[in-house]
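There are 2 protein chains.
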Amino acid sequence: MAATGTETKDLDSHHKNRLVQLSNPHVANMKEDVLYHFSLSTSTHDFPAMFGDVKFVCVGGSPSRMLTFIKYVAKELGLSHPGDEYPNICSGTDRYAMYKVGPVLSVSHGMGIPSIAIMLHELIKLLFHAGCSNVTVIRIGTSGGIGLEPGSVVITRQAMDACFNPEFEHIVLGKRVVRSTDLDEGLAQELLHCSTDLSEFTTVVGNTMCTLDFYEGQGRLDGALCTYTEKDKQAYLQAAHAAGIRNIEMESSVFAAMCSACGLRAAVVCVTLLDRLLGDQISSPHEVLAEYQQRPQRLVGHFIKKSLAPA
Amino acid sequence: MAATGTETKDLDSHHKNRLVQLSNPHVANMKEDVLYHFSLSTSTHDFPAMFGDVKFVCVGGSPSRMLTFIKYVAKELGLSHPGDEYPNICSGTDRYAMYKVGPVLSVSHGMGIPSIAIMLHELIKLLFHAGCSNVTVIRIGTSGGIGLEPGSVVITRQAMDACFNPEFEHIVLGKRVVRSTDLDEGLAQELLHCSTDLSEFTTVVGNTMCTLDFYEGQGRLDGALCTYTEKDKQAYLQAAHAAGIRNIEMESSVFAAMCSACGLRAAVVCVTLLDRLLGDQISSPHEVLAEYQQRPQRLVGHFIKKSLAPA
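Protein chains in written order, with UniProt numbering: chain D, 1 to 311; chain H, 1 to 311.
Structural data, given as structure tokens:
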């Protein structure tokens, strides 16, 4: 235990004053930077004053879930007061929603790699313009599980593509570019410890497959298009399981790649809404799904509280 | 003119009683179909009663823009009454918003190929379960132009990928599958005629490049990551222009591929918010951008009104 404590302190000092960096030399020469999809601009908003104290950014697909999260975190950190409201910082647009309390920013990202990528480009620039340092970014989301009891939480070891490679491939100026999808191993372990502290639900560390489609792209049989059989689907999902994949979602690879490229400590924590080996449809009762969706929030809320506690 | 009229009638009779079809034999065997991201299910909602009369589906990224559109179309078609409200049919979720008036359905799809693909899988199944026939689907969106005055509207001839191929490539069960991105040529011409009728803004028919990213994927210099120069960017955009590409957005290829695979007549109508040869940032005043965004709505509203007018 003492040894772990020392390691954590070393990590802490390593992260001290680690400023958010861009991987783009052009931005420094811009007089104004319009973050169009946030409806924020460096010429109309004081980013250092608004966001300079941010240390934790939590992102998730659904805007209403990210509002629920900021309220939950405010309470957990003792920063909420009766009647407090959490105005949407991006109220000038309906592309994304953003909320803040103390050192925690909560941002929605919609569904899929392109949608979260737009948000991350603008988020990382926001943190850079604000002069933020030592920021941890965690995606809290939903996913389909492979061989796990529904409601289990998966902390991502590696984000993999639909061919089970730990890579994010995209096209830049017409040419294929491949980036690694490394996530912070120490952070994943810290989050796993938090789940042990809570002891409320099953949590595993496993690989996460990130696809560009929810239906055919994840081997579902219930989309508008499908050209394969149940047997083909089972073979694919079993091969994924053999590659260490425990859940499937649609944002982790670009999230890992972009955070890694900009030196941000990052993790992905997703609850599984169903076991894909047993079916495709998400048909559990609303209350059950709603409780599942709170699990990554409770886990990450606990992590933030623990991180901020005096040593 | 008489000849054109005859051609239109032949087209009309060709489309008569053309039922919406799925390209998936499994759905017919399902007892219940939960359209999870719409928060609708065949066991709790009467799809034929709710949607059986739909003939036009308009889709766009932003939920608030799709609400604006349904109000506009209701007025144009003489179906609005003072105090009318348009409840969100998908109010059980915040993934997508859906509105209906008469034969027109208006649905938001978020940003990017994965987001619109999820919506289209569930939309096409919705139309199938409802027994709809002769449905036209039009995406009304925003885009970056290439060599066009901002505010110009582009009707897509062909949707192309970031390598200028008229293809949509995706991964199914770990294997690359390529689909064509054909759109209805006759419908594109009809829409162009509608723009001539209106005579309010410049409209062209051109190719549309569909990318998986807004920043690096479209050659922007202002993202959090960028590894190329202004010169590289200009060369890429000029090559796109030489391939007949007049605008860039993030949904048209999968939209064209899925509608075509399911026999739906489809078109893409996007306004250009800036000329990408001259810059990357969308920094026009809010009122100017708001007026631009109404242009595809006015064009498509006119088209629907004209299509429904007695011969």
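Here a beta-carbon is modelled for each residue, glycine too, at the ideal position from N, C-alpha and C.
Just so we're clear, the structure is a prediction, and the values are computed from it rather than from any experiment.
The beta strand (DSSP E) that contains residue i, what's its start and end?
| i | result |
| --- | --- |
| R246 of chain H | I245 to E249 |
| F168 of chain H | E167 to V172 |
| residue 359 of chain H | Lying outside 1 to 311, the shown extent of chain H, residue 359 of chain H is not represented and no answer is given. |
| V59 of chain D | F56 to G60 |
| L192 of chain D | Run containing L192 of chain D: none in the beta strand (DSSP E); it sits in the alpha helix (DSSP H), E185 to L198. |
| R139 of chain D | T136 to G145 |
| L79 of chain H | First-last for L79 of chain H: undefined, no H or E at that position. |
| N29 of chain H | Note, N29 of chain H: premise wrong, no beta strand (DSSP E); not H, not E. |
| Y99 of chain H | M98 to V101 |
| G108 of chain H | First, the amino acid is wrong: residue 108 of chain H is Ser here, not Gly. Residues V104 to S108. |
| N207 of chain D | T203 to C210 |
| T272 of chain H | R265 to D275 |
Going by Cα to Cα distance, which pick from the options is closest to residue i?
| i | options | result |
| --- | --- | --- |
| G92 of chain D | D:Y36, D:M209 and D:L79 | D:Y36 |
| Y228 of chain H | D:N165, D:A261, D:F128 and D:L173 | D:L173 |
| R157 of chain D | D:G186, D:L126 and D:M98 | D:G186 |
| L40 of chain H | D:Q297, D:Q293, D:P285 and D:P310 | D:P285 |
| residue 342 of chain H | H:R179, H:I124, H:V300 and H:S152 | The structure shown does not extend to residue 342 of chain H, since chain H spans only 1 to 311, so no value can be given for it. |
| residue 315 of chain H | H:P310, H:K306 and H:A311 | In the structure as shown, chain H begins at 1 and stops at 311. Residue 315 of chain H is therefore absent and cannot be evaluated. |
| L225 of chain D | H:R220, H:F69 and H:P25 | H:P25 |
| M111 of chain D | D:M160, D:F255 and D:F168 | D:F255 |
| R18 of chain H | H:L123, H:V135, H:H193 and H:L278 | H:V135 |
| V271 of chain H | H:M119, H:S62, H:P296 and H:A240 | H:P296 |
| M66 of chain D | H:M30, H:R95 and H:I70 | H:R95 |
| G52 of chain D | D:L299, D:L105 and D:H302 | D:L105 |
| I140 of chain H | H:A28, H:L191 and H:R276 | H:L191 |
| G60 of chain D | D:Q21, D:T42, D:M119 and D:D33 | D:M119 |
| V34 of chain D | H:L221, H:A309, H:I70 and H:L183 | H:L221 |
| C210 of chain D | D:L289, D:S62, D:I113 and D:M30 | D:I113 |
Counting only beta-carbon separations shorter than 9 Å, does residue i have a partner in chain D?
| i | result |
| --- | --- |
| V172 of chain H | yes |
| R276 of chain H | no |
| R265 of chain H | no |
| A159 of chain H | no |
| F164 of chain H | yes |
| Y86 of chain H | no |
| V101 of chain H | no |
| I113 of chain H | yes |
| H15 of chain H | Confidence in H15 of chain H is poor, its pLDDT being 49 and thus under 50, which makes the residue's placement unreliable; the coordinate value appears in the next sentence. So, not an interface residue. |
| C211 of chain H | Here residue 211 of chain H turns out to be Thr, not Cys, going by the sequence shown. For T211 of chain H, the answer is yes, since a Cβ of chain D falls inside 9 Å of its Cβ. |
| C226 of chain H | yes |
| S180 of chain H | no |
| H37 of chain H | yes |
| V59 of chain H | no |
| K305 of chain H | no |
Taking the alpha helix (DSSP H) that residue i belongs to, which residues open and close that run?
| i | result |
| --- | --- |
| Y228 of chain D | Unbroken run through Y228 of chain D: none, as it is neither H nor E. |
| I304 of chain H | H286 to L308 |
| F64 of chain H | A small correction: the amino acid at residue 64 of chain H is Ser; Phe does not occupy that position in the sequence shown. Counting along the chain, the alpha helix (DSSP H) containing S64 of chain H begins and ends at P63 to E76. |
| A257 of chain D | S252 to A261 |
| K175 of chain D | Taken as a continuous stretch (DSSP letters only), K175 of chain D belongs to no alpha helix (DSSP H), being part of the beta strand (DSSP E) at K175 to S180. |
| L126 of chain D | I113 to H129 |
| M50 of chain D | F47 to F51 |
With a threshold of 9 Å between beta carbons, is residue i in contact with chain H?
| i | result |
| --- | --- |
| S195 of chain D | no |
| Q281 of chain D | yes |
| G5 of chain D | Here G5 of chain D scores only 40 on pLDDT, less than 50, and its place in the model should not be relied on; the value that follows carries that caveat. Taking Cβ atoms only, chain H never reaches closer than 9 Å to G5 of chain D, which makes this a no. |
| L11 of chain D | Low confidence applies here, because L11 of chain D scores a pLDDT of 47, under 50, leaving its location unreliable; read the following figure in that light. False, the Cβ-Cβ gap to chain H never drops below 9 Å. |
| S252 of chain D | no |
| T8 of chain D | Confidence in T8 of chain D is poor, its pLDDT being 44 and thus under 50, which makes the residue's placement too unreliable to answer from. |
| V205 of chain D | no |
| M258 of chain D | yes |
| H121 of chain D | yes |
| L22 of chain D | yes |
| Y215 of chain D | yes |
| P296 of chain D | no |
| A28 of chain D | no |
| K231 of chain D | no |
| M1 of chain D | Annotation note: pLDDT 33 at M1 of chain D (below 50); position unreliable, coordinate value reported separately. Taking Cβ atoms only, chain H never reaches closer than 9 Å to M1 of chain D, which makes this a no. |
| F47 of chain D | no |
| I89 of chain D | no |
Between residue i and residue j, which are expected to be in contact by the criterion C-beta below 8 Å, what is the C-beta distance as a whole number of angstroms?
| i | j | result |
| --- | --- | --- |
| F56 of chain H | P103 of chain H | 6 Å |
| G223 of chain H | E230 of chain H | With 8 Å as the limit, G223 of chain H and E230 of chain H do not qualify as a contact, their Cβ atoms being about 14 Å apart. |
| C90 of chain D | F38 of chain D | 5 Å |
Inset, instruction - Taking 8 Å as the threshold, find out whether the region 239-247 of chain D comes into contact with the region 137-154 of chain D through three or more Cβ pairs. - result: Judged by pairs of C-beta atoms under 8 Å, the region 239-247 of chain D touches the region 137-154 of chain D, as three or more such pairs exist.
Inset, instruction - Inspect the CB distances between the region 159-175 of chain H and the region 73-89 of chain D and report whether three or more fall short of 8 Å. - result: Contact between the region 159-175 of chain H and the region 73-89 of chain D is absent, because fewer than three Cβ pairs lie under 8 Å.
Inset, instruction - Taking 8 Å as the threshold, find out whether the region 190-207 of chain H comes into contact with the region 256-265 of chain H through three or more Cβ pairs. - result: Output reads no: the region 256-265 of chain H does not touch the region 190-207 of chain H.
Inset, instruction - Count the CB pairs spanning the region 47-54 of chain H and the region 125-143 of chain H that are closer than 8 Å, and state whether there are at least three. - result: The answer is yes - the region 125-143 of chain H touches the region 47-54 of chain H, with three or more Cβ pairs under 8 Å.
Inset, instruction - Determine, using beta-carbon pairs with one atom in the region 114-128 of chain D and one in the region 178-198 of chain D, whether at least three such pairs fall under 8 Å. - result: These segments do not touch.
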